[in-house]
Amino acid sequence: RPPRSTQSRSSAASDVYKRQAKYGSAEGVLAHADELTPKQRENVLAFAPRLPVTRRLVMLKSDVPMAFDLERCRFRGFRPEAIRPIFDELGFERFRQPLEELRAVPVETEGSAAEVERPAPHVEAGMTTTAEGTYDVVDTPEKLERLARQLSRLKRFAFDTETTSLRPVEADLVGLSFSWQEGKGCYLPLRGMGGPTLPLDKVVRALGPIFADPAIGKCGQNLKYDIGVLRTAGMEVCGLDFDSLIASFVLDSSRRSHSLDALAADLLNHRMIPVTDLIGKGKSTVSMDQIDIRRVADYAGEDADMTWRLCERFRRQLERFPALGKLFYETELPLVEVLAEMEYNGVALDTELLAGMSNMMADRLAELTRQIRRLAKRDFNIDSTKQLAEVLFDHLKLPVIKKTRTGRSTDAETLEELANVYHSPIARLILEYRELSKLKNTYVDTLPDMISPRTGRIHASFHPTGAVTGRLSSSDPNLQNIPIRTELGRQIRRAFVPGRPGYVLLTADYSQIELRMVAHFSGDQNLKRAFAEDRDIHRFVAAQVAGVDPKDVTDEQRSRAKAVNFGILYGQGPFGLSRQTGMGVGEARAFIDMYFTRYAGVRAFIDRCIRQARSQGYVETILGRRRAIPDIRSHSKPARAAAERLAVNTVVQGSAADLIKRAMIHIHRRIRQENRPSRMLIQVHDELVFELPREAVPEEVEMIRHEMVNALALDVPIKVDVAWGENWLETG
Numbered sequence: 007r008p009p010r011s012t013q014s015r016s017s018a019a020s021d022v023y024k025r026q027a028k029y030g031s032a033e034g035v036l037a038h039a040d041e042l043t044p045k046q047r048e049n050v051l052a053f054a055p056r057l058p059v060t061r062r063l064v065m066l067k068s069d070v071p072m073a074f075d076l077e078r079c080r081f082r083g084f085r086p087e088a089i090r091p092i093f094d095e096l097g098f099e100r101f102r103q104p105l106e107e108l109r110a111v112p113v114e115t116e117g118s119a120a121e122v123e124r125p126a127p128h129v130e131a132g133m134t135t136t137a138e139g140t141y142d143v144v145d146t147p148e149k150l151e152r153l154a155r156q157l158s159r160l161k162r163f164a165f166d167t168e169t170t171s172l173r174p175v176e177a178d179l180v181g182l183s184f185s186w187q188e189g190k191g192c193y194l195p196l197r198g199m200g201g202p203t204l205p206l207d208k209v210v211r212a213l214g215p216i217f218a219d220p221a222i223g224k225c226g227q228n229l230k231y232d233i234g235v236l237r238t239a240g241m242e243v244c245g246l247d248f249d250s251l252i253a254s255f256v257l258d259s260s261r262r263s264h265s266l267d268a269l270a271a272d273l274l275n276h277r278m279i280p281v282t283d284l285i286g287k288g289k290s291t292v293s294m295d296q297i298d299i300r301r302v303a304d305y306a307g308e309d310a311d312m313t314w315r316l317c318e319r320f321r322r323q324l325e326r327f328p329a330l331g332k333l334f335y336e337t338e339l340p341l342v343e344v345l346a347e348m349e350y351n352g353v354a355l356d357t358e359l360l361a362g363m364s365n366m367m368a369d370r371l372a373e374l375t376r377q378i379r380r381l382a383k384r385d386f387n388i389d390s391t392k393q394l395a396e397v398l399f400d401h402l403k404l405p406v407i408k409k410t411r412t413g414r415s416t417d418a419e420t421l422e423e424l425a426n427v428y429h430s431p432i433a434r435l436i437l438e439y440r441e442l443s444k445l446k447n448t449y450v451d452t453l454p455d456m457i458s459p460r461t462g463r464i465h466a467s468f469h470p471t472g473a474v475t476g477r478l479s480s481s482d483p484n485l486q487n488i489p490i491r492t493e494l495g496r497q498i499r500r501a502f503v504p505g506r507p508g509y510v511l512l513t514a515d516y517s518q519i520e521l522r523m524v525a526h527f528s529g530d531q532n533l534k535r536a537f538a539e540d541r542d543i544h545r546f547v548a549a550q551v552a553g554v555d556p557k558d559v560t561d562e563q564r565s566r567a568k569a570v571n572f573g574i575l576y577g578q579g580p581f582g583l584s585r586q587t588g589m590g591v592g593e594a595r596a597f598i599d600m601y602f603t604r605y606a607g608v609r610a611f612i613d614r615c616i617r618q619a620r621s622q623g624y625v626e627t628i629l630g631r632r633r634a635i636p637d638i639r640s641h642s643k644p645a646r647a648a649a650e651r652l653a654v655n656t657v658v659q660g661s662a663a664d665l666i667k668r669a670m671i672h673i674h675r676r677i678r679q680e681n682r683p684s685r686m687l688i689q690v691h692d693e694l695v696f697e698l699p700r701e702a703v704p705e706e707v708e709m710i711r712h713e714m715v716n717a718l719a720l721d722v723p724i725k726v727d728v729a730w731g732e733n734w735l736e737t738g
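Take any residue in the sequence shown, count from 1 to its spot, add 6: that is its number in the working numbering.
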């Protein structure tokens, strides 16, 4: 609180300037002081001697000698190449679009409003020009031969493919684009309208050896796709030099999009030609091979050109961050080739088994519908959350567990509480209905439609940039989401089978790898001893926390220890443990406290992760992968608590992802170099799935286990469980 003398001076000045609107000026206020209230008059007259000083302090000096020409202040543009490096250094990502808009303002000569004329670029016959580059159309055998000679002399080049499909094994090659110099490139059409094209066999003969030459570096944006497309077309790609998609993810995993369009806009201040400008959208979409070749040349040439620019830019950035450069060049880039191989291999399906499951599920869904409607005593759409809420909460008078922005929640958590706590039979039936419906619609009925007519297999896409922790994700189908905790979910795995007679599927699964990572990072001697002695980790922890012999640990005690062992990775507290295990909140709190007393190193590791996130703004995995934790200093306690959980989980889960990626790279290299019979098909979290001849199982198990165990050096033993059988379920 300021001193009262200060308050009175401030009040007096305020009284003066408030009255100026009525009396015209401060002097006018003083001249009419007798019209003010007694207190105001007292304040104003007391302030009068200081009025000239106060006025002088706030007045701008107008008598400073200076030469001023307003016309010279007119904005005449700027040199963006001088500003971009500053923006790059300071990380001004959000200012790039305003910069681009300013850049579009005409540049004027001094004292003139005329726009500076720029010479039009020279365009030779057979060339197309966009605002950013000039791209040759390679549409004759002579140009193809000249291109091949030029590419063969380069240290590296960027390339891109235009195709008829987003699925590499289904895609026909429409054209290829190349760039090895900013603003320059070319497009080679194999299909298209309005001009000559080159036959695929001639292109393969001319360019196949160049793509297969490991001494010539290949750069791209999402090279995994292009490798698959060229392999389908009969060309192998070796010598992967750079992938701008992967580099963007390594440098900033939190970026909203790593697409070429987004990166070009954010980092190069360039708006790419939208693909919809060529092929349309919705029902009017046409294939790329139905577009005029010169229009495709602009689009494709720009793709290769911008990819080249981004690769060179990211290359320089990785040089400034050696740890991230090591992660990129030794793990993420080599993994691209591994994933391309897995996608190309695909996996076979037992469609008859899936058809039988579909019929069984349809019958059960019909029966569940009848039972649910009978309990509700009315017909309603079970799939409508609005109608379901009305039945549960208005008609059946069940308690509302939680609300969302759209109304009363009927999510799985709500239904489980209604079923288990309030013993509602209709809630239990709805849970079963939803699980069956999801499995049927997402997998059982959909998987057969994903089989490629060319190969007879399904070819899932594996995404190295799908999760900020570094874990792989998959789509078409999403293999990571096939549930394995329910019997029905496990049965879907039975449909994944070897595609050749005499072959089996083999799975290799890291055992409790995230807990082993905790033991490695924490250095906790009790936890390390449990793994060194190959103990049942959950029984071992339960015995230590309860102070009993491991053989005396009950199933309930082991279950609680298991919940804590995994719960610590996700910041589970007493309330969460209580809900999961059924113990009281106080008992759960005591159990967690006892756990951290026994495993003090784990508590120290968690605290260390949080401190690092708070001091650095990010955390790192075992291979140096970074993840920003922006809410770690949030004023919101829930947001800050979530950020702390995220920090710990990223270090543990991200390091486990690093481990299996390195293992995949090593296994892939041995399969290639030693011409081994195994084929890697699937990766799901900590598990790898292979297809191989039955007689080759012993030697392949030895190789796979060796490479997985020795992928990274940890302070605890790494254990890999291996199994094989006639289908994926049997391997579990």
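Quick reminder that beta carbons are idealized off the backbone N, C-alpha and C, glycines included.
Check residue i in the structure and name its three-state DSSP category.
| i | result |
| --- | --- |
| Glu373 | helix |
| Arg414 | strand |
| His469 | strand |
| Arg685 | strand |
| Gly214 | helix |
| Val722 | coil |
| Met589 | coil |
| Met714 | helix |
| Tyr231 | helix |
| Leu66 | coil |
| Ile464 | strand |
| Glu736 | coil |
| Val175 | helix |
| Ala740 | Absent from the model: residue 740. The displayed extent of the chain is 7 to 738, so no value can be given. |
| Arg124 | Here the model assigns Arg124 a pLDDT of 34, short of 50, so the residue's position is not dependable, and the following value carries that caveat. Reduced to three states, the DSSP call for Arg124 is coil. |
| Glu41 | helix |
| Gly582 | helix |
| Phe502 | strand |
| Gly731 | strand |
Under 8 Å, do residue i and residue j count as touching if we go by C-beta distance?
| i | j | result |
| --- | --- | --- |
| Gln563 | Ile543 | no |
| Glu732 | Val503 | yes |
| Leu512 | Val715 | no |
| Thr739 | Leu182 | Outside the modelled stretch of the chain, which goes from 7 to 738, sits residue 739, for which no answer is possible. |
| Gln296 | Leu266 | no |
| Tyr439 | Pro483 | no |
| Ala395 | Thr410 | no |
| Gly139 | Gly189 | yes |
How is the alpha helix (DSSP H) around residue i delimited, first residue to last?
| i | result |
| --- | --- |
| Leu150 | 147-158 |
| Asp561 | 561-573 |
| Asp309 | 299-326 |
How long is the line joining the alpha carbons of residue i and residue j, rounded to whole angstroms?
| i | j | result |
| --- | --- | --- |
| Tyr335 | Lys230 | 15 Å |
| Val143 | Asp283 | 20 Å |
| Pro723 | Val554 | 25 Å |
| Ala653 | Tyr624 | 8 Å |
| Ala54 | Leu36 | 7 Å |
| Glu192 | Glu148 | It is Cys, not Glu, that sits at residue 192 in the sequence shown. So the alpha carbons of these two residues sit roughly 14 Å apart. |
| Met366 | Tyr516 | 34 Å |
| Ala253 | Gly286 | 30 Å |
| Ile299 | Pro202 | 9 Å |
| His264 | Ser171 | 21 Å |
| Ile432 | Ile378 | 6 Å |
| Leu381 | Leu478 | 43 Å |
| Gly630 | Leu442 | 42 Å |
| Asp369 | Gly362 | 11 Å |
| Ala798 | Leu341 | An answer regarding residue 798 cannot be provided, because it is not within the stretch 7 to 738 covered by the chain. |
Taking CB distances under 8 Å as the criterion, tell me whether residue i reaches chain B.
| i | result |
| --- | --- |
| Glu373 | In the structure shown, chain B does not exist; there is a single protein chain. |
Where do the ends of the beta strand (DSSP E) carrying residue i lie?
| i | result |
| --- | --- |
| Pro699 | 693-699 |
| Gly760 | The shown model of the chain, from 7 to 738, leaves out residue 760, and the question about it has no answer. |
| Cys225 | 223-226 |
| Phe163 | 162-169 |
| Asp142 | 140-143 |
| Ser480 | 479-481 |
List the whole-angstrom C-beta distance separating residue i from residue j, where the pair is believed to meet the contact cut-off of C-beta under 8 Å.
| i | j | result |
| --- | --- | --- |
| Leu453 | Leu424 | Going by Cβ atoms, the distance from Leu453 to Leu424 rounds to 32 Å, so no, they are not a contact pair. |
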